[in-house]
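Here my numbering runs 52 ahead of the position in the sequence shown, where the first position is 1.
Report on the following structure.
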Amino acid sequence: MPRADPGSMAGSGGGPVRPGESERQSVHGTLGVEAVDAPGGAGALIVGVHLPGPGYSAGLVRGDTLLALDGTGITSAADLARAVADARPGREVTLRVRHANGSRGRLSAVPGTAT
C-alpha cells in the first residue's frame with residue numbers, strides 16, 4: 053500500500069532554493085500526520101499523528117480517514133500530500149473526516165510550515 057507522510061514529505065525537498073525560486077516559494081504547509089491510501093480509494097487513512105502538530109491540535113487520530121481538505125476531494129495519500137503542501141501555512145483549512153467508528157465530521161486545522 054503506498055504511504056505518504058504529508059507531515060514530513062510536503063515541502064521536504066530538503067535541497068537548496070532553486071534558481072528563480074524565492075525562499076518564500078519553497079515553504080509548504082504541513083499537518084504533521086502520516087497517511088496511507090484508504091481501502092477502495094476512499095481517502096487517506098491516518099496511521100500516525102505527530103505530537104505536537106496541527107493535525108493533533110485539530111483532533112485527528114490514528115484510524116481517521118481524510119476525505120477532503122478545503123473542499124478538495126482526497127482519494128489517496130498522495131492527494132492529501134499535494135493538498136497539504138499547497139495549503140498556506142497559518143491559514144485555517146477545513147477537513148472532512150470519517151472516523152474509525154464510521155461517523156463523519158468536519159475539523160478545522162491550521163497547517164504549520166515545512167521547508
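Positions of the beta carbon are idealized from the N, C-alpha and C atoms, including for glycine.
In the structure shown, Val162 falls within a coil segment according to DSSP collapsed to helix, strand and coil. Distance check between Gly125 and each of Gly105, Gly93, Arg114 places Gly93 closest, using alpha-carbon atoms only. Across the structure, Leu103 and Asn153 are spaced so that their CA atoms are roughly 22 angstroms apart. Asp116 carries a coil assignment under DSSP once its states are collapsed to helix, strand and coil.
Under the DSSP assignment, Leu97 falls in the beta strand (DSSP E) whose first and last residues are 96-101. Taking all protein chains in view, the Cβ of Glu144 is surrounded by fewer than 16 other Cβ atoms within 10 Å, so the residue is classified as exposed.
According to the DSSP assignment, Ala87 belongs to no alpha helix (DSSP H) but to the beta strand (DSSP E) extending over 85-89. Beta-bridge pairing by DSSP links Thr124 to Leu121.
Within the DSSP secondary-structure output, His80 pairs in a beta bridge with Ala166.
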